[in-house]
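Report on one structure; see the data block that follows.
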Amino acid sequence: MSVPPRSEGSRRWWYSLLAVPLVATAFPQFYAQGGPALIGIPFFYWYQLVWTILAGCFVGVVYFATRGRPR
Amino acid sequence: MFRRRRVFRDAGAATVIDWTALAVFLVLFGGVTVLGFMAANFQRGDLNVLHEWGLAGRRFGTVITWFLLGGDVYTAYTFVAVPALATGLGALAFFPMVLITVTCYPLVFIFGPRFWTIAHKRHYITYADFARDRFDSKALELAVAGTGIIAVMLYIALQLVGLQVAIKALGLTGTGLAGDLPVIAAFAILAVYTYRGGLRAPALVAVVKDVLIYVTAVVAVIVVPLQLGGFAHVFTLAQAALASAAKPASTTLAQSQYMAYVSLGVGSGLALFMYPNNITAVLSAKGTDVVRRNMALLPVYSLMLGLIALSGYMAVASGLRLTTPNDAIPMLYQRYFPSWFFGVSMAAIAIGALVPAAVMSIAAANLYTRNIHLALFAKPLSDAQETTVAKLSSLIVKIGALTAVLFLPAQFSIYYQLFAGSLVIQTLPTVLFGLYTKWFHRHALLAGWATGIAVALWMIVSSHFVSTFTLVFLGVPVSCFIAVWALAADLIVAAALTFAFDGLKIPRGTDRTSPDDFVEAATYPQPR
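Line by line, the protein sequences are chains U and P.
Numbering of the first sequence is given in my numbering, commencing with residue 1072 and proceeding in unit increments.
Numbering of the second sequence is given in my numbering, commencing with residue 42 and proceeding in unit increments.
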């Protein structure tokens, strides 16, 4: 299992993206509010709904970026 | 107050049978029954071998795994209970929507492929298999297996509650045994096709279930708000009704609830893939990239769950008089959907109960067969014997859950999820940390596990079955999910005793895994 140091380093970097969705939603003080509403849905709700999909996108980006490399 | 001038079809627990809805329900239910029985031939394998029966031969591709995992994680009970919770708790009930998602899928993206790899290499089918080999501890193996089985049985009971809600809403009510007969019949059908087809059965049925649930969720989120005058109106009415309730709530999360909200979401996210049934579905994938792709695709289900959760507010806004909160979804759909589509939505919930119940009973059967039966009887089993034991124990687990639901008072069932999550999360230090480090001492992990369970049970009972518990640190009260407090106690004890036991030179045992076992192969030969 000899992994070139460069690829190991950049792989690690990509993995840190996995923490972004959690950081974006772990502090309700920043999104527990009513406005701006979207088609009548308060910000608190649509912000979280949008992040469910963004969470998948972030995982997808990491998947494609680290694909086929030695793990 | 807003009241619709409409014929009230929702007379409490429906006593009139809606024949159109019932007919649609029976056709769909009959269809998945046939599918369940045909499943034994899907991606054919030798069903007398445990990993073929219990893991479908580890050969599912991305799509089937997605339906199976989605069908298993997002259960009928979730679709009934989350909106039900919203009718009483308001904004606090929305923690499952995003916080579970952002915690568990990125986490499983990292450790899922690692567990899949070693499980494939060393023929593990459960977490307990791994715990035994990694820490050379039968006691730890039994602890992990026992916790998993109990958590899963509680969760199967919850699926039965979901099934009962759907069947009752169709008007199939009665007293005594007659009232329970439809649930027993549905469960018996499930038991037989699971016995025959193993994990292949819920995998195929999950495809139908998930399509029905998606259709229902999308239709509900468009049709109902239109009839109620738009989302803004729904939220205004819901806020007014929640604020004037006996126990006031709000559609806005209060500052005092932030900690509880985040800890409930993150804690549930950490617990999610400690459930044996969810890791069973992960292991049935045919390769590590299938697992990774699924972690990117599964959040689609969270979006749907979020939309369905909003139905709780629609139920509040439309002024439905609920006898129990669990009736929120069926009564809402009954009022706003045409009969035939109401039948479709109730079939979605009922089938949505059967898929996870099947996977859960298979996971419990795998645990019993591999990790408990051998310890009890200490006689090696042949492949065929092992599979027979698993098939029979899947039946026993289901009968146990059925008995629990039919004979225990219904109000107990809402606590099952709290118990299950708080217990199963105590296996996390052994399993998740164990995948990456051998630092913890085996006896320390066991003591941590026991402490975590004791703390969880004590907090649940002394808080009178509320899911959060308040501890005071330096005069500041912190209200946090019980499972998270208990996990913290578990980790502290495990770490402290690791130092102590190492200091006392208590033997650590031999790790039977090797670093090579964790290294992914470029490709995996598919079983024939």
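No residue lacks a Cβ here, since even glycine has one placed at the ideal position from N, Cα and C.
As the structure is a prediction and not an experimental result, all values here were calculated from the model.
Q | At least three beta-carbon pairs within less than 8 Å, the stretch 304-322 of chain P to the stretch 106-114 of chain P | A | yes
Q: Tell me, please, whether the stretch 1096-1104 of chain U touches the stretch 294-310 of chain P by the rule of three or more beta-carbon pairs shorter than 8 Å.
A: yes
Q) Which residues in chain P sit within 9 Å of Phe-1115 (chain U), going by Cβ to Cβ distance? A) Ala-132, Phe-135, Thr-292, Thr-293 and Leu-294
Q: Pick out whichever of P:Met-315, P:Val-249, P:Leu-211 and P:Phe-481 has its Cα sitting closest to the Cα of Val-60 (chain P).
A: It is Trp, not Val, that sits at residue 60 (chain P) in the sequence shown. Of P:Met-315, P:Val-249, P:Leu-211 and P:Phe-481, the residue nearest in Cα terms is P:Leu-211.
Q) Straight-line CA distance for Phe-49 (chain P) to Leu-351 (chain P)? A) The pLDDT assigned to Phe-49 (chain P) is 38, lower than 50, so where the model puts this residue is not dependable, and the model offers no usable value.
Q.
Does chain U have any CB closer than 8 Å to the CB of Thr-142 (chain P)?
A. Yes, because at least one Cβ of chain U sits closer than 8 Å to the Cβ of Thr-142 (chain P).
Q: Please state whether DSSP places Gly-1131 (chain U) in a helix, a strand or coil.
A: Here DSSP, grouped into helix, strand and coil, assigns Gly-1131 (chain U) to helix.
Q) Using the C-alpha atoms, what's the distance from Ala-127 (chain P) back to Phe-135 (chain P)? A) 7 Å
Q) Where are the alpha helix (DSSP H) runs, 4 residues long or more, that stay fully inside the stretch 1087-1121 of chain U, in chain order? A) 1091-1096
Q: Taking Leu-195 (chain P) as part of the alpha helix (DSSP H), name the residues at either end of that continuous run.
A: For Leu-195 (chain P), the enclosing alpha helix (DSSP H) begins and ends at 179-210.
Q: Provide the residue span of the beta strand (DSSP E) that contains Leu-512 (chain P), from first to last.
A: 509-514
Q. What do you get for Ser-343 (chain P), buried or exposed, if any count of 16 or more other CB atoms within 10 angstroms of its CB means buried?
A. buried
Q.
Using a Cβ-based criterion (distance less than 7 Å to any ligand heavy atom), does Gly-493 (chain P) qualify as near the ligand ADP?
A. Only the bare structure without any ligand can be found here, which leaves the ligand ADP out of the picture.
Q. If we call anything under 8 Å between Cβ atoms a contact, is Phe-627 (chain P) one with Ala-326 (chain P)?
A. The requested residue 627 (chain P) does not occur in the structure, where chain P is confined to residues 42 to 569.
**Q.** Proximity winner among P:Leu-199, P:Gln-205 and P:Asn-407, relative to Lys-432 (chain P) (alpha-carbon distances)
**A.** P:Asn-407
Q: Reducing DSSP to helix, strand and coil, say where Asp-51 (chain P) ends up.
A: Caution applies to Asp-51 (chain P), whose pLDDT of 41 falls short of 50 and renders its modelled position unreliable; the model cannot decide the point.
Q | Contacts around Val-560 (chain P), its chain only, beta-carbon distance under 8 Å, and the 5 residues preceding and following it disregarded | A | Thr-158
Q: Step through the CB atoms of chain U and report whether any lies within less than 8 Å of the CB of Thr-343 (chain P).
A: Sequence inspection shows Ser at residue 343 (chain P); the Thr mentioned does not correspond to that position. Closer than 8 Å to some Cβ of chain U, the Cβ of Ser-343 (chain P) qualifies, so yes.
Q: For Arg-334 (chain P), return the contacting residues in chain U, with the cut-off set at a CB-CB distance below 7 Å.
A: Tyr-1134
Q: Apply the 10 Å Cβ neighbour rule to Ala-563 (chain P) and answer buried if 16 or more other Cβ atoms are within range, or exposed otherwise.
A: With fewer than 16 other Cβ atoms within 10 Å, it is exposed.
Q: Give a yes or no on whether 8 Å exceeds the smallest Cβ distance from Ala-180 (chain P) to chain U.
A: No - not a single Cβ of chain U is within 8 Å of the one on Ala-180 (chain P).
Q | DSSP three-state assignment for Val-143 (chain P), whether helix, strand or coil | A | If DSSP states are grouped into helix, strand and coil, Val-143 (chain P) belongs with the helices.
Q: Identify, in the order they occur along the chain, each residue of the same chain with its Cβ nearer than 6 Å to the Cβ of Gln-280 (chain P), setting aside the five sequence neighbours on each side.
A: Thr-292
Q: Could you tell me whether any Cβ in chain P is nearer than 8 Å to the Cβ of Pro-1099 (chain U)?
A: yes
Q) Around the C-beta of Pro-1075 (chain U), are 16 or more other C-beta atoms found within 10 angstroms, so that it is buried, or is it exposed? A) Residue placement at Pro-1075 (chain U) cannot be trusted, given a pLDDT of 46 that sits under 50; the coordinates are not used to answer.
Q | Where Leu-338 (chain P) meets chain U, residues with beta-carbon distance less than 7 Å | A | Gly-1127
Q | Pair within 8 Å by beta-carbon distance, Ala-530 (chain P) and Gly-475 (chain P) | A | no
**Q.** Under 9 Å (Cβ pairs) to chain U, residues found in the stretch 144-156 of chain P
**A.** Thr-144, Tyr-146, Pro-147, Leu-148, Phe-150, Ile-151, Pro-154 and Arg-155
Q | Sequence ranges, alpha helix (DSSP H) only - wholly within the stretch 94-168 of chain P, length at least 4 | A | 103-114, 117-130 and 136-163
Q) Could you give the residue range of the alpha helix (DSSP H) that holds Ser-592 (chain P)? A) Nothing about residue 592 (chain P) can be read from this structure; chain P reaches only from 42 to 569.
Q) Residues in the stretch 371-394 of chain P with C-beta within 7 Å of chain U's C-beta atoms, listed in sequence order? A) Answer set for the stretch 371-394 of chain P: empty.
Q) Who are the Cβ neighbours of Thr-539 (chain P) in its own chain at under 6 Å, not counting the five residues just before and after it? A) Phe-481, His-482 and Ala-485
Q: For my contact list, Val-472 (chain P) and Val-123 (chain P) are in at a C-beta cut-off of 8 Å; report their separation, rounded to the angstrom.
A: The pair is not a contact, with the Cβ atoms about 27 Å apart (cut-off 8 Å).
Q. Just reading off the beta strand (DSSP E) that Phe-522 (chain P) is part of, what are its end residues?
A. Phe-522 (chain P) -> beta strand (DSSP E) spans 517-522.
(Q) Need the endpoints of the alpha helix (DSSP H) that Trp-499 (chain P) sits in, please. (A) 483-503
Q: Take Ile-191 (chain P) and list the residues in its own chain whose beta-carbon comes closer than 7 Å to its own, dropping the five residues that flank it on each side.
A: Leu-464
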